[in-house]
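Worksheet: one structure, shown below.
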Amino acid sequence: PLAERRISASDVIHRLQSQLARVEGIALFMQPVQDLTVEDRVSRTQYQYTLEDADPEELNRWAPKLVEVLQTLPELRDVSSDQQDQGLASVLVIDRNTASRMGISPQLIVDTLYDAFGQRQVSTMFTQLNQYRVVLEVMPEFQQGPQSLQFLDVRSISGGQVPLNVFTQVADATTPLVVSRQGQFPAVTLSFNLAPGDSLGHAVAAIERATQEIGLPPSIRGSFQGTAQAFQASLTNEPWLILAAIVTVYIVLGILYESYIHPLTILSTLPSAGVGALLALMFFRTEFSVIALIGIILLIGIVKKNAIMMIDFALEAERKEGKRPEEAIYEACLLRFRPIMMTTMAALLGALPLAMSAGVGSELRRPLGIAIVGGLIVSQILTLYTTPVVYLAFDRLARRMGERRSPTASRDAIDTSPA
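-9 is the number of the first residue of the sequence shown in the working numbering; add one for each residue after it.
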């Protein structure tokens, strides 16, 4: 149980690998069992990279080369392949000239071999309740190996029996035991684990760099599968997701305050929250996973409320009470300090159990809690001081832009009263 061992399943695997590597004659691959998985195939290790090619011979030549290169990468461990192309096979080589002189065609040879070792159905026996199919084959003692072929005779067109070994020879060769396919093309799946302390992002970059360095032919297409593929897809959409969230917040705040400038003041609190979340993840040596990304997106909605509380009060003081920006934001900081601290502590303490959890499934929840707690602490310390400064800076910028847009209004505003 996790409460007793106090280490993760990956740490247990790393501890066992050093001991099991001393056992000769076997290669043992271990991976932690996941309750929720996105893999669509079974492999020896946790992550997969697939090569596919229309030419199986070319694929079988290049797949071992890539495996050798990946085994040297420090980011990867337990690199293996599902390629099984070294199976033993017996190839029957036909002397066609001799066979044709004896009146034996290749089809007669194929039919004879299928009668002896295939599953040719020659009859069906019907009873009152069941029916039984009769299959033709040689006796079991003649099915033990290629040496049994010397006892077979082939009936020629003329009706005579000719021994099979008169016009054929048996040659040993290798053949694939399994031919895997993906998208109707032959495919080889390379599987790997991560090195201790390394991330999936570094491993993906290292594999892509290795495939370019060895010069894979253009006809071979490589792609990540399962968890690695989902990771790549999340990285592709991550910048757009964050940008969409920020743009949505800006539009809503712009409508609320009827301003293009003040929403930027509120959004200026977000970088401190992101930096705090990343520093917390680095301090606790936690990977920046998809769950941690969700925590940073949640911080966009939690952290901006500090600036909203201050700016909302300051704008109301300026518009209704006619106060100067410096006086309005100063009074907002004093009066809104208590609610800001209360809401921040409520959110922080609510996420603290996630960051400190140690039960079953805590590996999934802990990055979310660490990102929220770290982002709230850093943003709370910084935004109380930076938000008033940014507010005054943008207020001066808005006034300058307003003066530049209406220069004629200031020239027309002259005193027209009688002398």
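For each residue, glycine too, the CB sits at the ideal point set by N, CA and C.
Given Pro(-9), which residues of its chain have a CB within under 6 Å of its CB, disregarding the five upstream and five downstream residues? No residues qualify anywhere along the chain.
Assuming Met115 is part of the beta strand (DSSP E), what are its boundary residues? DSSP places Met115 in the uninterrupted beta strand (DSSP E) bounded by 110 to 116.
Helix, strand or coil, according to DSSP, for Phe214 in the structure here? In the structure shown, Phe214 falls within a strand segment according to DSSP collapsed to helix, strand and coil.
With a cut-off of 9 Å, does the C-beta of Met272 fall near any C-beta of chain C? Here there is only one protein chain, and chain C is not present.
On the DSSP letters alone, give me the boundaries of the beta strand (DSSP E) that Asn120 sits inside. From DSSP, Asn120 is part of no beta strand (DSSP E); its letter is neither H nor E.
Measuring alpha carbon to alpha carbon, tell me which of Tyr375, Ser224, Ile290 ends up nearest Pro261. The shortest CA-to-CA distance from Pro261 to any of Tyr375, Ser224, Ile290 is the one to Ile290.
Host alpha helix (DSSP H) of Arg145 (start-end): Segment 143 to 145 is the beta strand (DSSP E) holding Arg145; no alpha helix (DSSP H) there.
Taking the alpha helix (DSSP H) that Phe107 belongs to, which residues open and close that run? Where Phe107 is concerned, the enclosing alpha helix (DSSP H) stretches over 96 to 107.
If you compare alpha carbons, which of Phe273, Ile(-3), Arg309, Arg356 is closest to Tyr247? Closest option to Tyr247, Cα to Cα, is Arg309.
Nearest to Phe214 by CA position, among Leu49, Gly150, Ala223, Leu63, is which residue? Ranking Leu49, Gly150, Ala223, Leu63 by Cα distance to Phe214 puts Ala223 first.
Considering only their Cβ atoms, is the gap separating Thr179 from Ser189 smaller than 9 Å? Their beta carbons are not under 9 Å apart, which means Ser189 does not touch Thr179 by this criterion.
At 3 residues or longer, what runs of the beta strand (DSSP E) sit wholly inside the segment 173 to 260? Within the segment 173 to 260, the beta strand (DSSP E) runs of at least 3 residues that lie entirely inside it are, in chain order, 175 to 184, 211 to 215.
Along the chain, where does the alpha helix (DSSP H) that runs through Val57 open and close? In this chain, the alpha helix (DSSP H) harbouring Val57 covers 46 to 61.
How would you label Ser90, buried or exposed, when you count the other beta carbons within 10 angstroms and need 16 or more for buried? Note on Ser90: under 16 other CB atoms within 10 angstroms of its CB, so exposed under the neighbour-count rule.
What would DSSP say about Thr35, mapped onto helix, strand or coil? Thr35 falls in the coil class under three-state DSSP.
Classify Pro343 as helix, strand or coil using the three-state DSSP reduction. Helix.
Put Pro22 into one of helix, strand or coil per three-state DSSP. Look at Pro22 here: in three-state DSSP terms it is coil, with no helix or strand label.
Pull up the distance between the alpha-carbon of Ala161 and that of Asn120, whole angstroms please. The alpha-carbon of Ala161 is positioned some 44 Å away from that of Asn120.
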